[in-house]
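Peer 1: Can you read through this structure? Questions will come right after.
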Amino acid sequence: MCRAPVGKARGNPTALRRRSDGLEVENIKRRGITVKIATWNINGIRARVDGVLAWLRDCSPDVACLQEIKSDDGPFPRQVFEDLGYNVETHGQKGFNGVAILSKLPVDEVSRGLPGDGSDAQARFIEAVFSVDSGAIRVVSLYLPNGNPVNSDKYPYKLGWMERLETYAKQRLAAEEAFVLAGDYNVIPEPEDARHPENWTRDALFQPETRRRYRRLINLGLTDAFRACTAEPGHYSFWDYQAGAWQRNNGIRIDHLLLSPLAADRLQSAMIDKQTRGWDKPSDHVPVIIELDA
DNA sequence: ATGGCTGCAGGATGCAGA
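Residue numbers (the numbering used here): 760 to 1053.
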């Protein structure tokens, strides 16, 4: 996995081009047959539609997993994305939550809702299956509950949701599928995933029990794509709107793409597209993007 | 700082987010 050269060159095409001709040719050949998969919590599709369109034109992901569309399926502006060449699958909810998958690839299958609780009305999970050269790949767009405050019923809801996600992952692993669980996990996995971890110790995103359940998911055999490519601390995917968090780089890494072994074998690169946080009217999250061998 | 912004619903402010 992550065959890009170590160090600064990782995930940096410019650096790759400086290397020997042989490797350059090899990389160009590889880059021609990759599938680019991104996840982005956009914090409201109506407030972000122009920004998302600009980002899609620039980044051109094959599959874009969106969270917090804060829109029902009907009002979701699907036409503007179809005009860019994307298939649009939503699992919407009025006012808050809501997830979507945009794809240039044809959608072979789609299903909505995390299995395991028929009474759960919150729209936080959608999955789609695509055909690529090497076979099928399943992509999930998930929005794991925030869970704050910890002493409310929101925290047990979060833990229950993580339990259901673990059950789902076990079943998919047993089927030996290539799959990607992409989304806003609302989990800070390790202290190095926060600029000020000490400020998060009482928060649902960094509770020992939250981290333990996230590790249990990883320990099933899933790979955190970004961490597989970048060991160094200080890379974040969320900066609060308040208190100048972006200007102070007071961020946390809570948006993740977890890969099944068959998907991890094909991992070429992973990066965080933090420039979008500096835009006018930004989302408080930024896209995380991976490339897999197709 | 007792969340200091932001988005959304609805038509004023309350809720939710992280």
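The C-beta atom is built at its ideal place from N, Cα and C for all residues, glycine as well.
Since this is a predicted model, take the numbers as computed values, not measurements.
Which full runs of the beta strand (DSSP E) of 3+ residues lie inside the segment 833-913, going along the chain?
Peer 2: Counting only runs of 3 or more, we get 846-850, 858-862, 868-871, 884-891 and 894-902.
Peer 1: Between Leu-750 and Tyr-927, what straight-line distance do the alpha-carbon atoms span, to the nearest angstrom?
Peer 2: Nothing can be reported for residue 750: it is not among the residues displayed for the chain, which extend from 760 to 1053.
Peer 1: Taking the alpha carbon of Asn-945 as the reference point, which residue from Ile-796, Thr-793, Asp-817 and Gln-826 has its own alpha carbon closest?
Peer 2: Measuring from the Cα of Asn-945, the nearest candidate turns out to be Gln-826.
Peer 1: Select from Asp-817, Trp-1005 and Lys-917 the residue whose C-alpha is nearest the C-alpha of Ala-1037.
Peer 2: Contrary to the premise, residue 1037 reads as Gly rather than Ala in this sequence. When only C-alpha atoms are compared, the closest one is Trp-1005.
Peer 1: Would you mind giving the Cβ-Cβ distance between Ala-859 and Ile-896, rounded to the nearest angstrom? I have them listed as a contact below 8 Å.
Peer 2: Contact flag wrong, Cβ pair sits at about 18 Å.
Peer 1: Considering only C-alpha positions, which residue in the set Tyr-995, Ala-941 and Phe-855 is nearest to Thr-982?
Peer 2: That would be Ala-941, whose Cα lies nearest to the Cα of Thr-982.
Peer 1: If you drop the 5 nearest sequence neighbours on each side, which residues of the same chain put their C-beta closer than 7 Å to that of Ala-984?
Peer 2: Contacts found: Leu-1016, Leu-1018, Leu-1026, Ala-1029 and Ile-1049.
Peer 1: According to DSSP, is Asn-1009 helix, strand or coil?
Peer 2: Reduced to three states, the DSSP call for Asn-1009 is coil.
Peer 1: Determine contact between the segment 855-869 and the segment 912-921, defined as no fewer than three beta-carbon pairs at a distance below 8 Å.
Peer 2: No, because fewer than three Cβ pairs between the segment 855-869 and the segment 912-921 fall closer than 8 Å, the two stretches do not touch.
Peer 1: How many Å lie between Val-808 and Phe-835 at the Cα?
Peer 2: Approximately 10 Å, taken between the alpha carbons.
Peer 1: Would you grab the beta carbon distance between Val-898 and Val-847 for me? Rounded to a whole angstrom, and I think it's under 8 Å.
Peer 2: Actually they are not in contact, since the Cβ atoms of Val-898 and Val-847 sit about 14 Å apart, beyond 8 Å.
Peer 1: DSSP state of Gln-1027, grouped into three classes?
Peer 2: Of the three classes helix, strand and coil, the one that applies to Gln-1027 here is strand, per DSSP.
Peer 1: From this set, His-955, Lys-1040 and Leu-1051, which residue's C-alpha is nearest Ala-813's C-alpha?
Peer 2: Out of His-955, Lys-1040 and Leu-1051, Lys-1040 has the C-alpha closest to the C-alpha of Ala-813.
Peer 1: Less than 8 Å separating the beta-carbons of Cys-824 and Ser-900?
Peer 2: Yes, Cβ-Cβ distance for Cys-824 and Ser-900 is below 8 Å.
Peer 1: Using the three-state DSSP reduction, which class does Val-1047 fall into: helix, strand or coil?
Peer 2: Of the three classes helix, strand and coil, the one that applies to Val-1047 here is strand, per DSSP.
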